[in-house]
Amino acid sequence: MVDVDLHTHSRFFHGFPGRPTPYDEVGFRLHVAVAQARGLDAMAVTNHDYCTEFDIDTGDLTIIPGIEVSSTVGHLLVVGPDPPAQTKPNMMTPAEVIDLAHDHGCVVVLPHPFRNSRVRETDAAVDAVEINGKHPKPTSLVEDLAAERDLPIVGGSDAHYPIEVGRAFTRMDVESLTPAGVADAIREGRTDYRIVRRFPDQYLTRLYGLVHRLKGHTKGVAKKVTPEDGAPVVGSRSGEPREESDAPKGS
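Numbering-wise, the sequence shown is residues 360 to 610 according to our numbering.
Right, here's the structure in full:
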């Protein structure tokens, strides 16, 4: 079993609307350092609408190529051995994104399905749905969505800042810790999600919740569908008991 954060960005900030968000090597190196310190085995880099190739020594941390595509109705994560190098925001439907990703040997994950996204309202044939570390409140809604569509659940931090890396991640059974091996594990449902409630993460989650409510990104989502702060919130679709301390190995 390996622990993989499937949703991170190599840029501290989101950038400005209508402008490309450049690759930030400093941000990437800091993310790698935090991922290693927290015991993650791999980390996917999923920048918005472009994929960057890295020529940087990341030690024993495997980097999974990825891209977060802005479809016509919301974001989609594409991860695997050969994701598209670049996409134009708001130009492709979810079905077109999925076809493109599958042609490249990648899988498609529906990220933050209840935040600023209408992809869940379509019949898009995604390969998995995500518990998002930036907004984990709708955990039970995501579990219901996954059960309804018979899809595996994965976890991703959606980290833009180093402190956020690994606050949600995927524990998966891989035959090989490679981009293709990770894609196969997701495709075959050999995944489980984890949410880690470290002290700073609890307050970051509250802050993000406030920001997204003010922006209207979570309109219509149940206010509280996970246990109170401090209670075990790490779980799985299978219903197996989890401990709150079930953090990445070595963290």
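We treat Cβ as the ideally placed atom computed from N, Cα and C, and that holds for glycine. Bear in mind the structure is a predicted one, so any value in this text is a computation, not a measurement.
In this structure, the straight-line span from the alpha carbon of VAL468 to that of GLY398 is close to 23 Å.
Relative to the Cα of ILE512, the nearest Cα in the group THR481, LYS493, VAL385 and PRO472 belongs to PRO472. A check of alpha carbon separations from ASP383 across ARG546, PRO521, GLN395 and VAL428 identifies PRO521 as the nearest. Considering only ARG474, ASP486, ASP441 and ILE423, the residue with the shortest C-alpha distance to ALA454 is ASP486. If one requires a minimum length of 3 residues, the beta strand (DSSP E) runs lying completely within the region 381–435 are 401–404 and 421–430, in chain order. Secondary structure of HIS461 (DSSP, three-state): helix. Per DSSP, reduced to three states, the secondary structure at ALA487 is strand. If one requires a minimum length of 4 residues, the alpha helix (DSSP H) runs lying completely within the region 466–530 are 498–508, in chain order. Taken through DSSP and simplified to helix, strand or coil, ASP551 comes out as strand.
Taking a contact as a CB-CB distance under 8 Å, the pair GLY525 and VAL533 does not count as one, their CB atoms being some 18 Å apart.
The Cβ atoms of ASN449 and THR421 do not sit closer than 9 Å to each other.
Cβ contact annotation for ASP408 (same chain, cutoff 6 Å, sequence separation greater than five): SER429, THR446 and PRO448, in chain order. With fewer than 16 other Cβ atoms inside 10 Å of its own Cβ, VAL385 counts as exposed.
Residue burial annotation: GLY433 is buried, with at least 16 other C-beta atoms found within 10 angstroms of its C-beta. Boundaries of the alpha helix (DSSP H) harbouring VAL541: 538–546, taken from the DSSP string. In this structure, the alpha-carbon of ARG553 lies about 31 Å from that of MET451. Residue environment: ASP414 is assigned as exposed (fewer than 16 neighbouring CB atoms within 10 Å of its CB, all protein chains considered). Note on geometry: alpha-carbon atoms of ASP400 and HIS368 lie some 17 Å from one another.
If the five residues before and after ALA544 are omitted, its C-beta is found closer than 7 Å to the C-beta atoms of MET531, ASP532, VAL533 and THR550, all from its own chain and listed in chain order. Counting only residues of its own chain and dropping the five nearest sequence neighbours on each side, LEU389 has a CB closer than 8 Å to the CB of PRO521. With fewer than 16 other beta carbons inside 10 angstroms of its own, SER535 counts as exposed.
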